[in-house]
Amino acid sequence: MTINRVTVIGAGTMGAGIAQVCAQAGWQTTLFDAYPESLEKGLQRIDAFWTKGIERGKTTVEQKEQWHANLSSSHEMEEALSNVDLVIEAVPELPKLKQAVFTKIDEYAPAHAILGTNTSSLSIAKIASATNRPEKVIGMHFFNPVPIMELMELVRHDGTSEETITLASQAGVQMGKTSILVKDIPGFATSRLGVVLGNEAIRMLADGVASAEDIDTAMVLGYKHPMGPLRLTDLVGLDVRRDILLNLQRSFNDDRYAPHPLLEQMVNEGKLGKKSGQGFFKW
111 MTINRVTVIG AGTMGAGIAQ VCAQAGWQTT LFDAYPESLE KGLQRIDAFW TKGIERGKTT
171 VEQKEQWHAN LSSSHEMEEA LSNVDLVIEA VPELPKLKQA VFTKIDEYAP AHAILGTNTS
231 SLSIAKIASA TNRPEKVIGM HFFNPVPIME LMELVRHDGT SEETITLASQ AGVQMGKTSI
291 LVKDIPGFAT SRLGVVLGNE AIRMLADGVA SAEDIDTAMV LGYKHPMGPL RLTDLVGLDV
351 RRDILLNLQR SFNDDRYAPH PLLEQMVNEG KLGKKSGQGF FKW
């Protein structure tokens, strides 16, 4: 099967970024969101990224025009999924919402379509169980900012077919991503490691070991991380990181994954990171 048409479900930060790289890959790409205002914000985010690329001399006006020609939008799910080869879901990390969305995707998408989910920690098997074609369902976990980050984490559940894995991997190559393949276990590989490091950095900050800036500098200069764990938590969203930790704590029945009280406090105060303008840093 050749991928020609892609639909991305959810026009938030991740969904918009995924739609952007799909359009840049040359596919006819539809960005769907049930809320018109969210859809408009997602499209504006994509356009701003392309415009900034031109201003920095990294891309051309002609490239932007071609990518725009590949991109369309819809707030009607049946219309968005009517003739698609690959679906990538990027709605919030709520199990019931993910399953409800996949039930609709299964209803509207063609039988041959690959169904990807961008979940960073939820069970792929449980998401797939909401469809009549679990063999077509695979985790396609992208990283923020999607147009810049090179990694894509492919997550196979026990029912994922080899054909689906191959096609998802090929899609990653066309999007300019390097893929790793992991089993469907809580937190997969990247989220499990990332949130543990971030949680420990929060503990160090709360204990007064060092400032947020200095903790991050230690990891950037001492361990060659491109970004410190606290700034990365701000970028991902403190609420998202908290929810991943809670999922790991429940799944493994292990309090080592319990979110640090400072993280819980900041989420309750609405300090969610970049998207709220305030987290461990001001944005």
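Using our numbering, the letters of the sequence shown correspond one by one to residues 111 to 393.
Idealized CB from N, CA, C, for every residue including glycine.
- When only Cα atoms are considered, L345 and E188 end up about 32 angstroms apart.
- Judged by pairs of C-beta atoms under 8 angstroms, the stretch 220-235 touches the stretch 193-204, as three or more such pairs exist.
- Assignment of I290 by DSSP, reduced to helix, strand and coil, places it in the strand class.
- Per the coordinates, the alpha-carbon of I237 lies some 17 angstroms from the alpha-carbon of D353.
- Uninterrupted alpha helix (DSSP H) stretches at least 4 residues long and entirely within the stretch 164-191 occur at 171-180, 187-190, given in chain order.
- Within the same chain, Cβ atoms closer than 6 angstroms to the Cβ of A311 are found at I325, P339, L340, the five residues on either side in sequence being excluded.
- Note on E263: 16 or more other CB atoms within 10 angstroms of its CB, so buried under the neighbour-count rule.
- Excluding the 5 residues flanking it on each side, L382 has same chain C-beta neighbours closer than 6 angstroms at G347, L348, D349, in chain order.
- Under the three-pair Cβ rule at 8 angstroms, the stretch 277-290 does not count as touching the stretch 358-377.
- Proximity to T112 across P257, F298, T276, Y145 peaks at T276, based on C-alpha coordinates.
- With fewer than 16 neighbouring CB atoms inside 10 Å of its own CB, S321 falls in the exposed class.
- Between R155 and T270, the alpha-carbon positions lie close to 33 angstroms from each other.
- For R366, no alpha helix (DSSP H) encloses it, and the DSSP letter there is neither H nor E.
- With fewer than 16 other CB atoms across the displayed protein chains lying within 10 angstroms of its CB, Q375 is exposed.
- By the Cβ-count criterion, N114 is exposed, with fewer than 16 other Cβ atoms from all chains shown falling within 10 Å of its own Cβ.
- Shown here, F142 sits in a strand according to DSSP, grouped into three states.
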